[in-house]
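Colleague:
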Amino acid sequence: MSPTRAKEHQLEDESRRAFANAVPGSWVVRDVQKDYGIDTEVEIFADDGTATGLTFKVQLKGTQSLHGRRPHRSIQIEHIIYWQSLDSAVLVVLYVADSQTLYAKWSFAHDPGLSGYSKKTTTFSFDDDELLDRRLSKFESDIVLYRQLVSGWVPHVVPLRIDSSAWGAVAGYGIITRFRERLLELGLGNIIRITLDEKEPSLTVQLSKNTLRVAMPLNAGSLSLHSLGLKSDIVEAVDEAIDNTLIGLAALLATRDRTSEVLQILTAVGTCEAWFNSEVSSRLANALIEAERTDIGVAVAKLLLEHHADDYTLKLASLYLAPAQAASSSLPDDELQDLITTLRVLSSIFEETGNSEAGSSQRINIARILSARDEYEAAVAELQAAHSDSPELLDDPTFAAVLAANAFCAGMHALSAEMYGRVIALVAPTPRVLAHYADALFVSGKFLKAKEIIDGSHGTPLTDRLSVVNGLAAQEIISTLDVEEQDPRELADEEIASVEADPAVALSLLRGVNATQFMLWMRFDEDVRGWSLGRAALLARLNCKAAWIWVLATGLAYEERGTDSREFAAIVEMGIADASDDYLSMLVEASEGGPAGLKEMVEYAHRVALTLSVDDSFSVYGELPSFD
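390 is the number that the working numbering gives to position 224 of the sequence shown; each next residue is one higher, with no gaps.
1. Reducing DSSP to helix, strand and coil, say where G149 ends up.
2. Please report the distance separating the alpha-carbon of R424 from that of S317.
3. In the DSSP assignment, find the alpha helix (DSSP H) that holds D747 and state where it starts and stops.
4. What is the rounded straight-line gap between the Cα of V464 and the Cα of A255?
5. Going straight from the alpha carbon of F211 to that of D308, what length do you get?
6. Between the segment 721-731 and the segment 696-710, can you find at least three pairs of beta-carbon atoms closer than 8 Å?
7. What does a CB cutoff of less than 7 Å around V780 pick up in its chain, not counting 5 residues either side in sequence?
8. Could you tell me whether the Cβ atoms of E207 and K223 are closer together than 8 Å?
9. Identify whether E541 lies in helix, strand or coil by the three-state DSSP scheme.
10. Let me know if P190 comes out buried or exposed under the rule of 16 or more other beta-carbons within 10 Å of its beta-carbon.
11. On a Cα-Cα basis, can you pick out the residue from A403, V635, A184 and P321 that is closest to I341?
12. Given S514, which residues of its chain have a CB within under 8 Å of its CB, disregarding the five upstream and five downstream residues?
13. Just to confirm before moving on: does the CB-CB distance between A601 and D630 stay below 8 Å?
14. Looking at the unbroken alpha helix (DSSP H) that takes in T146, where does it start and where does it end?
15. Output the residue ranges of the alpha helix (DSSP H) runs that lie fully inside the segment 679-714 and measure 4 residues or longer, sorted by chain position.
16. Taking the beta carbon of D730 as the centre, do at least 16 other beta carbons fall within 10 Å, making it buried, or is it exposed?
17. Would you kindly check if the distance between the Cβ of R239 and the Cβ of F185 is under 8 Å?
18. Below 8 Å CB to CB, which residues in the same chain sit around L560 once its five sequence neighbours on both sides are set aside?
19. According to DSSP, is Q652 helix, strand or coil?
20. Thinking just about the alpha-carbon of each residue, which of I413, L485, V428 and L647 is nearest to the one in S448?
21. Mind checking who P325 pairs with in its DSSP beta bridge?
22. From N709 to G520, what does the alpha carbon distance come to, in whole angstroms?
23. By alpha-carbon positions, which one of S303, Q250 and L302 ends up nearest to P278?
24. Identify the continuous alpha helix (DSSP H) that holds S513 and give its terminal residues.
25. What whole-angstrom Cβ distance do I590 and A604 have, given they're in contact under 8 Å?
26. Within 10 angstroms of its Cβ, does A670 collect 16 or more other Cβ (buried), or is it exposed?
27. What runs of the beta strand (DSSP E), each 3 residues or longer, lie entirely inside the segment 223-290?
28. Are N410 and L391 close, meaning C-beta to C-beta below 8 Å?
29. Measuring CB atoms only, is the segment 322-336 touching the segment 356-375, in the sense that at least three cross pairs come out at less than 8 Å?
30. Thinking C-beta only, is R346 closer than 8 Å to I408?
31. Report yes if the C-beta distance between L454 and A483 is below 8 Å; otherwise report no.
32. Since I believe W687 is in contact with L676 (beta carbons under 8 Å), could you give me their beta-carbon distance rounded to a whole number of angstroms?
33. What does a CB cutoff of less than 8 Å around L297 pick up in its chain, not counting 5 residues either side in sequence?
34. Mind checking whether D405 and Q372 have CB atoms under 8 Å apart?
35. Considering only C-alpha positions, which residue in the set L480, W697, D653 and P489 is nearest to E642?
36. On the criterion of 16 or more Cβ atoms from any shown chain inside 10 Å, does E666 qualify as buried, or is it exposed?
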């Protein structure tokens, strides 16, 4: 039996021959190695053989019959995405074998929609006016215009053609006339003009019975708004339709980096129903971020929350609030407060509708904003409220770490230690987390536990500079005061007065009230010349901005441990990080006239200072953990 050839391959060859025969004989059709659905490449030559420099790529699809249905073919989304990255236009051609007909459509004229990009395929449908023989004469001008669009073409004054033919000649003319008047009323005549020339490259607005559609030339980008501002008698609602159309136009211009014009349109028109369309809102939110016009986004979100509470509207409100959240660190106080208030309203609505997870998420967003502005106590309050609404958040080590870091910065050291302990219980701790945990334990009065962690109770000993100094300080408290743990509190006025009257009282207050009080230690032992390395490290840790104590601790570490020791390196690094230039200048002054070794010490300190200036990882506490 003779071998037979697959029908699919026969159709493929037929479609190639049919296409090559259909285009002008002066054009060159070249087969290419199949890549992301590209079958051939066409170079356009004039009838006399003159090169035009114009080329386009082709995907060929074949079918035996339409079976009475509208011409259509399925195209892979990954191919669409790839074609969008090409400089050349891509033509999708459908060959119908039974009728030997060819349909053609530019891939850039097909919009899968925002949700379409998450699917595997999209359907190309063809109309009768997309028969290849009807389209060929426009290919040259199409490709020229497409190249202009790819390079960012949109004239300074945007040409806009209104297609209102669906409403009849009289009403349609009235719509166009009113459109011109409305542009002048809104002060947009300097950026948009109405054109009646169908041959002029322009953006097109199509007003049908149930849809407003705004499209770039060649349909290279479009936006459809269904049932917005369209009434049975459009003349009565023409301004509403025009305003919705202009917002759609702004959303389309936002994809062409025309932020200035977008902002002018949004400000002139104000809020209308088109703002609440998902495809419009996603484009406008990005434009508002770029334009740093957070006030518009917040205003729209507030309007949404005043009138709607369904899931769709809440998601849109979150989208419009995103620009303000991204720029929260630079917002004026009144705008920041407006943003936070709106986020709290959004959070409350989520909680009232039973979506506690989304409500807690908004509280975490508020905490992020407050934390970035160093308002740590308020950030902690929001995080605790989020935890109250969603107790399971404490099972997330990232959330626990964020709460721990903000609590430490807010001076809530016991809470910070508790939360770092929670992180360690949930995941294998990193040395950085252990260092923060030990620091929180030390400041909250858990001296022995902090020392045990630093010495390696959770693995290897901690060697970062903060832990080394904390280890020296904790050992000094334990050995001098015989105190392993306490719940420190601030001194009362009468206690301070009693110390001033009798320095001997300082020791009992250190043991019984607060072992981390710098003033008590100074009253207890004012003889600086008799301090040990441990005492100097402790006092430097308690008054970290005092450059003279860091200098003293540096000298003691140099004499006792030498420049190769971790203690010496840690104290030098801490002195530079906390006391900065004062520390270096005092260190130089203290070394003058001293032994040669002191000069070596100063040279080492300057090398460390240079390292610290270019390496942010040396920061004592570093960035707060990410919320993401």
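Think of the CB as a built atom: it goes at the ideal place given N, C-alpha and C, for glycine as much as any other residue. Note that the structure is a prediction, hence the values are computed from the model and not measured.
Modeller: Well, looking at it:
1. The displayed coordinates of the chain run from 167 to 794. Any statement about residue 149 would go beyond what the structure contains.
2. 13 Å
3. First-last of the alpha helix (DSSP H) with D747: R732 to S757.
4. 39 Å
5. Near 15 Å, if we compare the C-alpha coordinates of D308 and F211.
6. They touch, by the three-pair rule.
7. Below a pLDDT of 50, predicted positions are generally treated as unreliable, and V780, at 40, falls in that range; no measurement from the model is reported.
8. yes
9. coil
10. exposed
11. The residue among A403, V635, A184 and P321 with its C-alpha nearest the C-alpha of I341 is A403.
12. G525
13. Cβ atoms of A601 and D630: closer than 8 Å.
14. Here the chain covers residues 167 to 794 and nothing more, so residue 146 does not appear.
15. 684-690 and 699-708
16. Exposed is the call here.
17. no
18. H553, A566 and R588
19. DSSP places Q652 in coil when its eight states are reduced to three.
20. Of I413, L485, V428 and L647, the smallest CA-CA separation from S448 is found for L485.
21. The partner list for P325 (beta bridge, DSSP) reads R359.
22. A straight-line Cα-Cα distance of about 49 Å links N709 and G520.
23. Q250
24. D499 to E518
25. That pair is no contact at about 11 Å.
26. exposed
27. 238-242, 255-262 and 267-272
28. yes
29. yes
30. No, Cβ-Cβ distance for I408 and R346 is not below 8 Å.
31. no
32. 7 Å
33. T267, L268, Y269 and A270
34. no
35. W697
36. exposed
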